[in-house]
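Position one of the sequence shown corresponds to residue 1 (the UniProt record's numbering), numbered consecutively onward.
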Amino acid sequence: MTAARGEGTAEDRAPKKEIDEERVPSGRGGRLLPDAGAWTRTLTLGTERAPLEPPVDLARALGAASERWMPAALALTAQVKRFTRAAAPELRVGAPLPAPHHPPLGPRARRLLRRACERGADAALVGAIWRALDRTGRSLHPFDLHDLDGLFGHDFARADPLVAAWLDRTSVRRTSHGDRSTPAADDADLDGDDPLWSMLGPAERAERLAAERRRDSAGARLRLARGLSSEPAATRERLVRALRSGLGPDDAAFLESLATDRSSKVRDAALELLAQIPGTARNSEMVDDLVARIEPVRGTPSLGRKSLRLRCPERLSTVGQRVTWALSTFMCVPFDLLCARLERDPFELARAARPDPVLQTLLLALDSLWPSHRHDDGAEGKSLDDVLPLARRDLVLALAVGRRDSALFDSQLLRRLLDPSRLDGLPDALLLTEVLGQLPGAADDLRFVRALVDSRALSDALDAAAQDREQDVPRLFGELLASIALLVPTEDRAALRARLSRLPVDLRNSALERLALLEAIETDPGTDLPAPSAPSR
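And the structure:
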């Protein structure tokens with residue numbers, strides 16, 4: 001049936017698309033993408049209200065065609081919040097985007113950074129890059145954001161301040177919604193504290209929360225408390241466990257409120273953290289459990305002054321498994337309290353634990369974590385490390401194996417145990433480097449890093465690598481040098497480079513490339529980048 005005159009066909013009555021049909025090559029498999037400027041105009045003017053997921057991927061795709069499209073593509077990222085909530089009258093379309101707060105990296109540093117990510121940016125390298133950027137006040141170049149998948153993949157949350165330096169993130173924060181100083185207004189807009197928080201996955205949120213805990217323990221706890229109830233059970237559990245960083249007495253009340261959570265996993269996580277806070281009921285129960293598990297070796301009815309051992313679950317068949325279990329379970333027990341309950345001084349208790357490697361490793365760790373006591377002068381020295389010399393290696397091994405799952409890595413006091421000058425072989429030095437790389441703030445402990453560079457362990461490894469006495473030395477030693485290159489202080493890099501000069505090229509290449517990258521970032525003069533303007537109507 002023919003349509004009536006003047007009405008037109010259905011196709012004629014359909015609204016016309018406002019997207020410009022000009023297309024540019026994307027550079028990826030010959031696919032075509034709409035003009036980025038047209039996309040930006042369409043979305044910022046509100047003709048399409050569908051949220052963009054994920055925005056950085058879209059910005060990366062639109063910016064892949066040419067560097068000149070990246071500012072417009074990044075403008076899309078800035079508009080994400082405008083599609084997920086009603087537009088506020090203060091949001092003015094067409095307002096200019098700000099210039100970077102920090103100068104972007106120059107050509108040489110950009111080239112080395114892209115090369116490092118192409119070869120695989122591990123977590124230690126990413127952390128060193130961020131520290132170098134923070135120290136020098138530089139930022140990633142916006143045109144490189146879509147190329148640095150390695151940095152985004154390992155530490156996406158840290159990309160937020162870099163994107164924020166380029167985009168007007170404040171336009172979707174409180175400055176764009178007027179002066180909202182009341183606590184009720186702050187609580188009503190949880191995402192206003194950080195626009196990208198709601199876009200991060202559970203793992204990225206947990207990492208970010210742990211990092212914030214090290215800077216502002218109370219503020220991170222407040223953020224978690226405000227939005228926790230709306231999260232799924234698995235996400236709530238992961239975020240609660242992130243409170244392990246910087247755990248203290250101030251967290252007890254919040255954790256006790258979670259002990260009645262509707263999810264059993266969240267309840268268990270809260271109770272585990274409560275057990276690590278001295279003075280709580282759960283911590284007292286943990287002390288009782290440990291005391292009950294320490295028993296005489298020969299089955300005497302009383303502890304007396306006999307040798308002691310730690311009774312572990314029967315399912316744990318190896319010493320390594322028992323050590324890891326003991327450390328992860330009883331690290332929350334204050335050492336002074338344990339000595340008082342067993343009615344023994346620290347040295348006497350350590351001597352009694354010599355027959356059991358599990359108990360002596362636990363005592364050595366507790367002695368480091370709870371150094372409130374003062375050892376008396378004695379023939380065997382002032383430290384339990386002198387009484388239990390073999391426990392050090394077991395502890396280092398346990399730290400290296402369980403570095404992601406254990407609360408041990410939330411205490412910088414354990415670095416007191418890891419004295420590089422007392423290690424006498426490459427495997428120990430490699431383990432030490434891994435442990436230092438995982439402990440919060442380890443790279444800032446210059447005393448330990450310098451001791452590692454000057455240690456006998458590293459000298460022996462250098463000699464072994466130069467003479468090629470062992471077949472597995474090149475692989476292990478290359479990994480060790482690459483790790484040390486990220487930790488060594490700036491003023492000591494020249495000395496390290498000189499020591500590397502006598503090694504084969506294949507052993508020193510990775511370390512030298514990392515040294516060059518960090519030096520390029522720290523000495524980079526920056527580059528000028530004109531501030532892009534938001535698209536006009």
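A virtual CB, placed ideally from N, CA and C, is assigned to each residue, including glycine.
Here the structure is a predicted model, which means the values were calculated and not measured.
Taking all protein chains shown into account, decide if L518 is buried (16 or more other Cβ within 10 angstroms of its Cβ) or exposed. Burial check for L518: the Cβ neighbour count within 10 Å reaches 16 or more, so the residue is buried.
Residue from L271, E479, P278 and L112 whose Cα sits closest to the Cα of P334: Out of L271, E479, P278 and L112, P278 has the C-alpha closest to the C-alpha of P334.
Is the beta carbon of R282 less than 7 Å from the beta carbon of L274? For R282 and L274, yes; Cβs fall inside 7 Å.
Looking at the unbroken alpha helix (DSSP H) that takes in I521, where does it start and where does it end? Its alpha helix (DSSP H) spans residues V505 to E522.
Cross-strand partners of S139 (DSSP beta bridge): When beta bridges are read from the DSSP output, S139 appears opposite P104.
Do R322 and D356 count as a contact pair if the criterion is CB distance below 7 Å? If you check the CB distance, D356 and R322 do not come in under 7 Å.
When you compare the CB positions of S257 and R213, do they come within less than 7 Å of one another, or not? In this structure, S257 lies away from R213, with their beta-carbon atoms at least 7 Å apart.
Going by beta carbon distance, what residues of the same chain come within less than 7 Å of R110, once the five residues before and after it are set aside? In its chain, beyond the 5 residues on either side, H141 and D144 have a beta carbon closer than 7 Å to the beta carbon of R110.
Meets three-Cβ-pair contact criterion under 8 Å: the region 325 to 342 and the region 357 to 368: Yes, the region 325 to 342 is in contact with the region 357 to 368.
Pick helix, strand or coil for I294, following the three-state DSSP scheme. Of the three classes helix, strand and coil, the one that applies to I294 here is strand, per DSSP.
DSSP state of L200 mapped onto helix, strand, coil: The answer is coil: DSSP assigns L200 none of H, G, I, E or B.
In DSSP terms, what L308 is bridged to: DSSP output for L308 lists P296 as bridge partner(s).
Rounded separation between G219 and A210 - CA only: Rounded to the nearest angstrom, the two C-alpha atoms are 12 Å apart.
Just how far apart, CA to CA, sit I129 and L503? Going by the C-alpha atoms only, they are around 26 Å apart.
Tell me which same chain residues have a C-beta within less than 6 Å of the C-beta of D288, skipping the five on either side of it? So the list is empty, once near-sequence residues are dropped.
Assigned secondary structure, A485 (DSSP; H/G/I helix, E/B strand, else coil): Helix.
Is it the case that the region 264 to 272 contacts the region 306 to 320, given that we only count it when at least three CB pairs across the two stretches are under 8 Å? These segments do not touch.
Which one of E231, C117 and A225 has the shortest CA to CA distance from L255? Ranking the options by Cα distance to L255, first place goes to A225.
Name the two residues that bound the continuous alpha helix (DSSP H) containing R341. Per DSSP, R341 is one residue of the alpha helix (DSSP H) stretching across F335 to L342.
Any idea what DSSP makes of G219, helix, strand or coil? Note: G219 maps to helix in three-state DSSP.
A520 to R108 span [Cα, whole Å]: A520 and R108: Cα-Cα distance of roughly 7 Å.
Is S307 closer than 7 Å to A352 when the C-beta atoms are compared? Note that the C-beta distance between A352 and S307 is below 7 Å.
Going by C-alpha to C-alpha distance, which of G127, R215 and A206 sits closest to R236? Checking every option, the nearest Cα to that of R236 belongs to A206.
Cβ shell of E285 (< 8 Å), same chain only, five flanking positions each side left out: Excluding residues within five positions, the ones whose Cβ falls inside 8 Å are A275.
How is T361 classed by DSSP in three states: helix, strand or coil? If DSSP states are grouped into helix, strand and coil, T361 belongs with the helices.
When we look at the beta-carbon of R208 and count the other beta-carbons within 10 Å, is it buried (16 or more) or exposed? Counting the other Cβ atoms within 10 Å of the Cβ of R208 gives 16 or more, which makes it buried.
Proximity below 7 Å, CB of L200 to CB of D524: Taking a C-beta distance under 7 Å as the contact criterion, L200 and D524 do not qualify as a contact pair.
Within its chain, find whatever has a CB closer than 6 Å to the CB of L515; leave out the 5 residues flanking it on each side and keep chain order. The answer, listed in chain order, is A485 and R493.
Within 7 Å, strictly: CB atoms of T280 and A253: Going by C-beta atoms, T280 is not nearer than 7 Å to A253.
Please classify D463 as buried or exposed, where buried requires at least 16 other C-beta atoms within 10 Å of its C-beta. The residue in question, D463, is exposed, as its Cβ has fewer than 16 Cβ neighbours within 10 Å.
Determine, using beta carbons only, whether S459 and A482 come nearer to each other than 7 Å. Against a cut-off of 7 Å, the Cβ pair of A482 and S459 comes out as no contact.
Determine the DSSP secondary structure at D268, reduced to helix, strand or coil. It is helical.
Counted within 10 angstroms of its Cβ, other Cβ atoms place S229 as buried (16 or more) or exposed: Its Cβ having fewer than 16 others within 10 Å, S229 is exposed.
Report the three-state DSSP secondary structure of M331 (helix, strand or coil). In the structure shown, M331 sits in coil (DSSP, three-state: anything other than H, G, I, E or B).
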